[in-house]
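**Student:** Dropping the structure in here first, questions after.
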Amino acid sequence: MHAQHLHHVFPKASQYDPEWVRKHSMGENVLFNLESLTKSLNLKPSMRVLDLGCGKAISSIFLAKEFGVKVWAVDEAVSASDNYQRIREEDCEDLVVPIEADARALPFAEEYFDVVIVVDSYTYFGTDEKYLPYIARFIKPGGYIAIVDVCFTKEIETLDQVPDFLQEDYQNYWYFVHTIDWWKKLWEKTGLVEVQAAKLLNEADLVRENYVKDFKDSDEPDPFAKALELDEQHFISFFKLIGCRTKKTVYLQDYKVELKNQDSTQ
1 MHAQHLHHVF PKASQYDPEW VRKHSMGENV LFNLESLTKS LNLKPSMRVL
51 DLGCGKAISS IFLAKEFGVK VWAVDEAVSA SDNYQRIREE DCEDLVVPIE
101 ADARALPFAE EYFDVVIVVD SYTYFGTDEK YLPYIARFIK PGGYIAIVDV
151 CFTKEIETLD QVPDFLQEDY QNYWYFVHTI DWWKKLWEKT GLVEVQAAKL
201 LNEADLVREN YVKDFKDSDE PDPFAKALEL DEQHFISFFK LIGCRTKKTV
251 YLQDYKVELK NQDSTQ
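In terms of full-length UniProt numbering, the sequence shown is numbered consecutively and its last residue is 266.
Given below as structure tokens:
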């Protein structure tokens, strides 16, 4: 893949060490996907941004460095201490706050954030019809929720519709993936956001090509990259979905989440 072409398409993300990005992406190049998303957002230094499902927080570091926004880097699977170490190494501790938290038990005030950004992780918790009403509580009216993630170009409603190349892994890794139209309807019916963008990434083919190349260069098994390599018809793609928070009142209050360390005898 020609470095000059990558720089043209991803002028910000391509400035970062590709080995550093690959090591901390936990999947496809997180900065490529994030830059594709931020092209549709007007981020300003005064904004408070929630980077939800931030993984190893390089997306949060990118947002702080490139846009000067204040970022709360939230992930349940990666410790806040590990992320803080990376944040300090990149001199972003004044702009990025690492937090270890469940996406359904967030420790924030209502209407606190100007923007909620979710890169490559919304499908893990956002397919629940009640999740948008939950996360919308934390977004100011007129603020945005913006996600970029994997999608199908055709909805799978029954198992006999699963393409041959996905048969082996569909019920393990792919059953919660949907089309853009599915996601758009899920958000619109709540009345809590006005959908501003719902489309395949213009850069989807480049993201795919880069990810498959990394997979071939690695000895680590990766069922997602394997599927992309086998997907000759581009049944799998990447999309962005952006919603502007309306003034409609949110009626769902909270998920009932049990404390991880709660003593079962109490």
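Where is the CB? At the ideal position from N, CA and C, for every residue including glycine.
Does the separation of the CB atoms of residue 245 and residue 140 fall below 8 Å?
**Tutor:** As a working note, residue 245 is residue 245 in the sequence shown. As a working note, residue 140 is residue 140 in the sequence shown. Against a cut-off of 8 Å, the Cβ pair of residue 140 and residue 245 comes out as a contact.
**Student:** Helix or strand or just coil, what does DSSP make of residue 239?
**Tutor:** As a working mapping, residue 239 is identified with position 239 in the sequence shown. Three-state DSSP puts residue 239 in a strand.
**Student:** So, is residue 28 buried or exposed, given that buried needs 16 or more other C-beta atoms within 10 angstroms?
**Tutor:** Here residue 28 refers to the residue found at position 28 when the sequence shown is read from its first residue. Its Cβ being crowded by 16 or more others within 10 Å, residue 28 is buried.
**Student:** Mind listing, in chain order, the continuous beta strand (DSSP E) runs of no fewer than 3 residues lying wholly within the UniProt domain "Methyltransferase" (49 to 143)?
**Tutor:** 70 to 75, 96 to 100, 113 to 119
**Student:** Look up residue 207 in the DSSP assignment and say whether it is helix, strand or coil.
**Tutor:** Sequence index remark: in the sequence shown, residue 207 carries index 207 (1-based). Three-state DSSP puts residue 207 in a helix.
**Student:** Can you name the residues that DSSP bridges to residue 315?
**Tutor:** Shown here, the chain extends from 1 to 266; a query on residue 315 therefore has no answer.
**Student:** Buried or exposed: which applies to residue 137, given that a residue is buried once 16 or more other Cβ atoms fall within 10 Å of its Cβ?
**Tutor:** Taking the first residue of the sequence shown as 1, we reach residue 137 at position 137. Buried, because 16 or more other Cβ atoms sit within 10 Å of the Cβ of residue 137.
**Student:** Less than 7 Å between C-beta atoms, sequence neighbours within five positions excluded: which residues of the same chain meet that for residue 203?
**Tutor:** Position 203 of the sequence shown, counted from the first residue, corresponds to residue 203. Cβ within range, chain order: 9, 32, 36.
**Student:** Looking at C-alpha atoms only, which residue of 126, 15, 6 is the closest neighbour of residue 53?
**Tutor:** Within the sequence shown, numbered from 1, the residue matching residue 53 stands at position 53. Closest by alpha carbon: 126.
**Student:** Of the choices 197, 95, 163, 105, whose alpha-carbon is the least far from that of residue 256?
**Tutor:** Here residue 256 is taken as the residue at index 256 of the sequence shown, counted from 1. With distances taken between Cα atoms, residue 256 lies closest to 105.
**Student:** Give me whichever residues DSSP pairs with residue 165 in a beta bridge.
**Tutor:** Mapped onto the sequence shown, residue 165 falls at position 165. Answer is none; residue 165 lacks a bridge partner.
**Student:** Between which residues of its own chain and residue 144 is the CB-CB distance below 8 Å, once the five residues before and five after are set aside?
**Tutor:** As a working mapping, residue 144 is identified with position 144 in the sequence shown. Cβ within range, chain order: 41, 114, 115, 116, 196, 242, 243, 244, 245.
**Student:** On a Cα-Cα basis, can you pick out the residue from 95, 150, 129, 94 that is closest to residue 119?
**Tutor:** Start at 1 with the first residue of the sequence shown, and residue 119 comes out as number 119. Comparing Cα positions, the closest option is 150.
**Student:** Could you compute how far the alpha carbon of residue 70 sits from the alpha carbon of residue 201?
**Tutor:** Walking along the sequence shown from the start, residue 70 turns up at place 70. Walking along the sequence shown from the start, residue 201 turns up at place 201. So the two alpha carbons sit approximately 26 Å from each other.
**Student:** To the nearest angstrom, report how far apart residue 156 and residue 181 are at their CA atoms.
**Tutor:** Within the sequence shown, the letter at position 156 stands for residue 156. Within the sequence shown, the letter at position 181 stands for residue 181. Their Cα atoms are separated by approximately 12 Å.
**Student:** Which of helix, strand or coil does DSSP assign to residue 10?
**Tutor:** The residue labelled residue 10 in the question sits at position 10 within the sequence shown. Reduced to three states, the DSSP call for residue 10 is coil.
**Student:** Please state whether the Cβ-Cβ distance between residue 99 and residue 78 is less than 8 Å.
**Tutor:** Counting from one through the sequence shown, the residue named residue 99 turns up at place 99. Counting from one through the sequence shown, the residue named residue 78 turns up at place 78. The answer is no: Cβ separation not under 8 Å.
**Student:** So residue 267 and residue 250 are supposed to be a Cβ contact under 8 Å. How far apart are they, rounded?
**Tutor:** Outside the modelled stretch of the chain, which goes from 1 to 266, sits residue 267, for which no answer is possible.
**Student:** Looking only at its own chain, which residues have a Cβ that is under 6 Å from the Cβ of residue 239, when we skip the five neighbours before and after it?
**Tutor:** On the sequence shown, residue 239 is found 239 positions in, with the first residue counted as 1. Answer for residue 239: 151, 180, 200, listed in chain order.
**Student:** Give the range of the alpha helix (DSSP H) segment to which residue 248 is assigned.
**Tutor:** As a position in the sequence shown, residue 248 is number 248, starting the count at 1. No alpha helix (DSSP H) holds residue 248; DSSP gives it neither H nor E.
**Student:** From which residue to which residue does the alpha helix (DSSP H) around residue 234 run?
**Tutor:** Here residue 234 is taken as the residue at index 234 of the sequence shown, counted from 1. First-last for residue 234: undefined, no H or E at that position.
**Student:** For residue 103, which residues in the same chain have their Cβ closer than 7 Å to its Cβ, ignoring the five residues on either side in sequence?
**Tutor:** Numbered from its first residue, the sequence shown carries residue 103 at position 103. Cβ within range, chain order: 52, 53, 76, 125.
**Student:** Would you tell me roughly how many angstroms separate the C-alpha atoms of residue 211 and residue 227, rounded to the nearest one?
**Tutor:** Here residue 211 corresponds to residue number 211 of the sequence shown, with the count starting at 1. Here residue 227 corresponds to residue number 227 of the sequence shown, with the count starting at 1. Distance between the alpha carbons of residue 211 and residue 227: 11 Å.
**Student:** What does residue 146 pair with, by DSSP beta-bridge criteria?
**Tutor:** In the sequence shown, the residue the question calls residue 146 occupies position 146. Answer is 117, 242, bridged to residue 146.
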